[in-house]
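These notes concern the structure reproduced below.
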Amino acid sequence: NANSLHTNSRDEAFGTPTEDTVRDAVAIQLILAKEYGWLRNENPLQGSFVAEFLTNEVEERVLRIFEEMHSRGGVLGALEVNYQRNRIQDEGMIYEHRKHTGETPIVGVNTFTDPESESVSADDFDIEVTRSDVTEKKMVIARNEEFKSENVKKAEEGIQKLKDAARRGDNLFEVMMEIVEHCTVGQVTQALFESGGKFRRNM
C-alpha cells in the first residue's frame, strides 16, 4: 500500500539536479498518474474490484472480436474481407485522433509539455557511423547489377512464376523462397506491385 511516491533525479547522487533531470523524474510520476490511471482507484492490487473489472472487460472485448470473426467464416473468412486489417487501421486512426485531441494523455507529447524545450532533430546527433560513403554505395550498386546480369533468364522465369501465383492467390512465400536465389528484392517488389498494386489505407 503506497501512500506517496518520490522519484529522484538521475544526477541527484553527485550534484544539484538540473531542470531537465527534475522534469524527467516528475514525468515518471505523471506517467503513472495520468497515462496509467493508477490514481483513479484506491489500491488496485490489494483486494480492489478494479483488477477483476478490467480482467472481465478485456475478456468480453476479446470474445466479441472472436464472435465477429466467427460470423465472417473464421480467421480465413475474415481475412478475405479484410476484417483484421480494417480493425487494425480503425484502432490506429482512433488512437491517433485521441492523441491529437488529448483524450489519450501522453506526458511530454500532448500534456505537461515544456514550451521552452528545444526541438531535437537528427542533426543534433553524430550518426555518421550509420551511413555508407559514396564508394560503398557504388560497390553495392555494381554488385547488384552484376547479380542481375548473371541471372537474367532465371530471374525472368521466377518473376513470371511469382506473378502467376499472385494472380491465382497461391502461397507467395513458397515461390519467393524459391526465386530469391536469382532475383533481387527490387525485382520481387516490382513484380508484386504489378500484380496487386500498392497498398492504400482504407479511409
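The numbering of the sequence shown is our numbering, which starts it at 1319 and goes up by one.
From the three backbone atoms N, C-alpha and C, an ideal C-beta is built for every residue, glycine too.
Helix, strand or coil, according to DSSP, for residue i in the structure here?
i: VAL1498; result: coil
i: THR1339; result: helix
i: THR1429; result: strand
i: ILE1424; result: coil
i: LYS1516; result: coil
i: TYR1354; result: coil
i: SER1389; result: helix
Could you check how far apart the C-beta atoms of residue i and residue j are, in whole angstroms? I think they sit under 8 Å.
i: VAL1380; j: MET1387; result: That belief does not hold up - the Cβ atoms of VAL1380 and MET1387 are roughly 11 Å apart, past 8 Å.
i: ALA1473; j: GLY1514; result: Their Cβ separation, rounded to whole angstroms, is 19 Å, which puts ALA1473 and GLY1514 out of contact at 8 Å.
i: GLU1353; j: PRO1423; result: 6 Å
i: LEU1350; j: TRP1356; result: 5 Å
i: MET1494; j: VAL1506; result: 6 Å
Quick check on the burial criterion: 16 or more other C-beta atoms within 10 angstroms. Buried or exposed for residue i?
i: GLY1476; result: buried
i: GLN1508; result: exposed
i: HIS1500; result: buried
i: GLN1364; result: exposed
i: LEU1480; result: buried
On the DSSP letters alone, give me the boundaries of the alpha helix (DSSP H) that residue i sits inside.
i: LEU1480; result: 1470-1486
(Q) When you compare the segment 1411-1422 with the segment 1337-1344, are there three or more beta-carbon pairs, one atom per stretch, that lie closer than 8 Å? (A) The segment 1411-1422, when compared against the segment 1337-1344, does not touch it at the 8 Å Cβ threshold.
Q.
With three or more C-beta pairs closer than 8 Å as the rule, is the segment 1399-1408 touching the segment 1327-1338?
A. The segment 1327-1338 makes no contact with the segment 1399-1408, as fewer than three CB pairs between them are under 8 Å.
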